[in-house]
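K.L.:
Please see the structure below; I have some questions.
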Amino acid sequence: MAGAGGGSNDVQWCFSQVKGAIDDDVAEADIISTVEFNHSGELLATGDKGGRVVIFQQEQETKGQPHSRGEYNVYSTFQSHEPEFDYLKSLEIEEKINKIRWLPQKNAAQFLLSTNDKTIKLWKISERDKRPEGYNLKEEDGRYRDPSTVTTLRVPVFRPMDLMVEASPRRVFANAHTYHINSISVNSDYETYLSADDLRINLWHLEITDRSFNIVDIKPANMEELTEVITAAEFHPNQCNTLVYSSSKGTIRLCDMRAAALCDKHSKLFEEPEDPSNRSFFSEIISSISDVKFSHNGRYMMTRDYLSVKIWDLNMENRPVETYQVHEYLRSKLCSLYENDCIFDKFECCWNGNDSVVMTGSYNNFFRMFERGHRRDLTLEASRESSKPRAVLKPRKVCAGGKRKKDEISVDSLDFNKKILHTAWHPQDNIIAVATTNNLYIFQDKMN
Amino acid sequence: MEQNTEAKRIMALSLGKMYSSRSQRGGLRLHRSLLLTLVMRSAQDIYHSSRVVTEIWPANGQHAQKALPAEEPMDTSGAQFQTCALTTSPEDSQLRCAKSDENKENLEPVRSNRRTRKRRGKAAGEPDFLPSKRARIRMEAAEELLSAQVTELCGTNCLSERTCSSHVL
């Protein structure tokens with residue numbers, strides 16, 4: 001099986017598709033802000049800065065092309081969030097979609113949660129492929145017929161129609177967050193989910209919108225004593241009582257909801273002592289964790305900070321079991337990256353289906369894969385140049401210093417405006433979705 | 001000295017970022033503000049400690065990190081010595097901080113420093129005998145901005161209750 005098979009270096013990654021406008025003039029509303037496969041991998045959702053959600057559906061594999069996986073085509077597009085205005089604080093609330101999380105499928109319809117800074121919405125995406133025709137009392141356009149012309153009884157029947165995909169908001173979970181929402185996570189009980197902002201985590205029931213329970217609150221009594229904020233949170237994939245949240249100080253706290261109603265006291269604290277030789281003005285910024293993800297098997301979790309990816313064993317709190325340097329060559333450039341604001345970029349990370357490979361983005365439209373068992377890493381680029389169908393991607397290399405070899409790119413030539421913050425891996429197969437600023441690239445492994 | 005210049009540059013950068021983040025769409029971001037504050041404080045600490053070390057050990061070749069005297073203020077609230085240290089002071093030994101006249105204790109190191117340090121460049125438009133006042137205002141503005149940002153983020157409708165109730169939309 002491709003997904004469970006060899007790691008990144010046995011796999012040859014090929015270009016499959018690219019979505020989005022070709023021109024370099026990027027409209028801000030089109031900037032992709034989140035990417036997420038659903039549980040089967042058949043659907044791929046993206047959210048953008050303009051508050052829209054676009055869902056792609058994988059085509060069924062055709063008999064004609066047994067060696068190629070189905071393409072992803074647009075399935076549904078809808079406006080999830082609109083810009084709002086908080087009159088009390090005189091603040092505009094951005095419509096940018098921060099996160100999308102799919103619910104597991106229970107019936108014919110699909111459900112997903114999407115959130116902006118303040119409001120979470122539950123969307124139902126359903127298909128309509130038939131419609132009732134032949135009403136007795138109505139014309140085809142809906143107008144009522146003159147009753148005197150009705151002489152027979154006719155029962156409407158369903159007739160096939162062109163497939164229509166409808167998205168409708170089923171629940172709106174609002175007014176529960178004072179600060180900006182950074183994460184949502186569906187619980188394995190499939191009844192509750194959490195939403196996290198900078199200082200608080202709330203627990204919701206999917207059916208109930210008028211109340212939520214606050215389970216973590218790290219707001220100090222005096223805001224001037226604030227030293228850290230919550231940067232990401234996630235429920236354990238199969239233990240419905242366990243959640244983790246990461247902080248701007250580089251720590252991760254694991255909380256058990258059985259211990260107390262309020263999880264301010266953590267059950268476990270994961271922290272690696274700082275290397276004093278790496279201390280700089282920017283040590284705090286680069287140690288801030290931008291993403292935390294449990295492995296599919298629930299034994300490990302992965303964190304992403306500015307320069308590295310760390311894998312933690314849930315049973316060991318004092319240090320990660322694996323650390324991968326994403327772009328260590330940037331350590332000497334931190335001051336420039338502070339100047340151009342890149343040091344504040346929040347990169348996400350993801351696991352492959354069998355937890356053997358992890359992936360994260362970098363600059364210059366590079367993305368990196370780390371193969372855990374073999375300790376191998378790979379750098380690839382999402383670019384229009386390597387966008388020929390089924391073209392194999394060539395591994396890239398950054399020259400950190402010294403003599404630049406052929407095909408290497410020097411650190412100073414990197415384009416820091418081209419960043420890959422959001423990536424997603426198909427839950428079973430070797431298919432990945434990589435978001436550049438306004439394009440979505442889909443790559444898959446070469447099938448022989 | 002390089003660290004000193006670097007620290008000052010980072011402080012200026014950070015202040016600029018704090019000012020511009022106020023007009024950002026979506027409101028002040030707490031995480032970003034916190035990180036900016038932390039960088040600002042690191043830079044301030046480095047700046048003050050390196051200036052203080054220079055004041056005590058002028059260019060006589062000694063680089064020893066002597067333990068700083070107890071009256072050495074590390075915070076920016078009001079120490080006369082501190083405000084003088086922040087100035088880009090001219091080398092003319094006759095010019096001195098107007099404030100430092102009141103503080104006889106710290107007069108000596110400041111004066112010797114002025115004799116040996118190179119001219120850094122004049123404060124634009126300001127009379128040379130008043131640089132300390134300008135520096136203090138700058139630092140106070142930074143502190144005010146930081147606490148204003150924090151209060152703003154705290155907001156007028158901070159929810160202190162553990163269970164939130166909300167409207168059904």
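So the protein sequences, as listed, match chains A and B.
Residues 1 to 448 (full-length UniProt numbering) make up the first sequence, in order.
Residues 1 to 169 (full-length UniProt numbering) make up the second sequence, in order.
Don't be surprised by glycine CBs; every beta carbon is placed ideally from N, CA and C.
Bear in mind the structure is a predicted one, so any value in this text is a computation, not a measurement.
#1: Using beta carbons (cut-off 7 Å, strictly below), is D256(A) in contact with chain B?
#2: Report the rounded CA-to-CA distance for T152(A) versus K130(A), giving the unit in angstroms.
#3: Any beta carbon from chain B within less than 7 Å of V292(A)'s own beta carbon?
#4: Going by the CB atoms, is the gap between N438(A) and I22(A) shorter than 7 Å?
#5: Mind checking whether the beta-carbon of G373(A) lies closer than 6 Å to any heavy atom of the ligand MG?
#6: Within the chosen definition, does the region 360–379 of chain A reach the region 419–430 of chain A through at least 3 CB pairs nearer than 8 Å?
#7: Using a beta-carbon distance cut-off of less than 9 Å, what residues from the region 39–58 of chain B approach chain A?
#8: Step through the CB atoms of chain A and report whether any lies within less than 7 Å of the CB of G16(B).
#9: List the whole-angstrom C-beta distance separating D256(A) from N241(A), where the pair is believed to meet the contact cut-off of C-beta under 8 Å.
#10: Please go through the same chain and pick out, in chain order, the residues whose beta-carbon is closer than 7 Å to the beta-carbon of T436(A), but skip the five residues on each side of it.
#11: Could you have a look at P169(A) and say whether DSSP puts it in helix, strand or coil?
#12: For E228(A) and T37(B), I'd like the C-alpha separation in whole angstroms.
#13: DSSP state of L330(A), grouped into three classes?
#14: Among N297(A), C349(A), S280(A), whose alpha-carbon lies nearest the alpha-carbon of S332(A)?
#15: Mind checking if L91(A) is an interface residue toward chain B, Cβ cutoff 7 Å exclusive?
#16: Would you give the residue range spanned by the beta strand (DSSP E) that R131(A) belongs to?
#17: At a CB distance below 7 Å, what residues from the region 7–36 of chain B approach chain A? Give them in sequence order.
#18: Taking R304(A) as part of the beta strand (DSSP E), name the residues at either end of that continuous run.
#19: So, at 6 Å on beta carbons, what are the nonlocal neighbours of F370(A) in its own chain, with the 5 sequence-adjacent residues on each side left out?
#20: Is the number of C-beta pairs between the region 386–401 of chain A and the region 348–355 of chain A that are closer than 8 Å three or more?
#21: Consider the Cβ of D198(A): report whether some Cβ of chain B lies at a distance smaller than 7 Å.
#22: Show which residues of chain B have a CB atom less than 8 Å away from the CB atom of E339(A).
#23: Name the DSSP bridge partner or partners of H422(A)?
#24: Can you tell which of Y72(A), S16(A), L91(A), N202(A) has the C-alpha that lies nearest to the C-alpha of R22(B)?
#25: Compare the Cα-Cα distances from A43(B) to each of E284(A), A424(A), A260(A) and report the closest residue.
#26: Identify, in the order they occur along the chain, each residue of the same chain with its Cβ nearer than 8 Å to the Cβ of V157(A), setting aside the five sequence neighbours on each side.
#27: For T77(A), return the contacting residues in chain B, with the cut-off set at a CB-CB distance below 7 Å.
#28: With DSSP collapsed to three states, give me the class of D92(B).
#29: Quick one: give me the first and last residue of the beta strand (DSSP E) that E36(A) is part of.
#30: Have a look at the DSSP bridge pairing and note the partners of A109(A).
#31: Buried or exposed: where does S33(B) fall if 16 or more other Cβ atoms within 10 Å of its Cβ makes it buried?
#32: Flag S148(A) as yes if its beta-carbon sits less than 7 Å from any beta-carbon of chain B, otherwise no.
#33: Taking the straight line between their C-alpha atoms, what separation do you get for E2(B) and V52(B)?
#34: In its own chain, which residues sit with a C-beta less than 7 Å from the C-beta of D48(A), not counting the 5 before and 5 after it?
#35: What does T231(A) touch in chain B if you count any residue whose Cβ is under 9 Å from its own?
#36: With DSSP collapsed to three states, give me the class of A12(B).
P.N.:
This is what the structure holds:
#1: no
#2: 24 Å
#3: no
#4: no
#5: Among the components of this structure there are no ligands whatsoever, and the ligand MG is therefore not found.
#6: yes
#7: V39, S42, A43, I46
#8: no
#9: 6 Å
#10: N365, A382, K418, I420
#11: strand
#12: 11 Å
#13: helix
#14: S280(A)
#15: yes
#16: 120–133
#17: I10, L13, R25, G26, G27, R29, L30, H31, R32, L34, L35
#18: 300–304
#19: Y324, V358, D377
#20: no
#21: yes
#22: L13
#23: A435(A)
#24: L91(A)
#25: E284(A)
#26: P132, E133, G134
#27: The premise fails here: T77(A) is roughly 23 Å from chain B at the closest Cβ pair, so nothing lies under 7 Å.
#28: Reliability of the predicted coordinates at D92(B) is poor, the pLDDT of 37 falling under 50, and no value is obtained from them.
#29: 32–37
#30: DSSP, once it has assigned bridges, lists no residue as partnering A109(A).
#31: buried
#32: no
#33: 15 Å
#34: A29, D30, I31, I32, S33, I97
#35: H31
#36: helix
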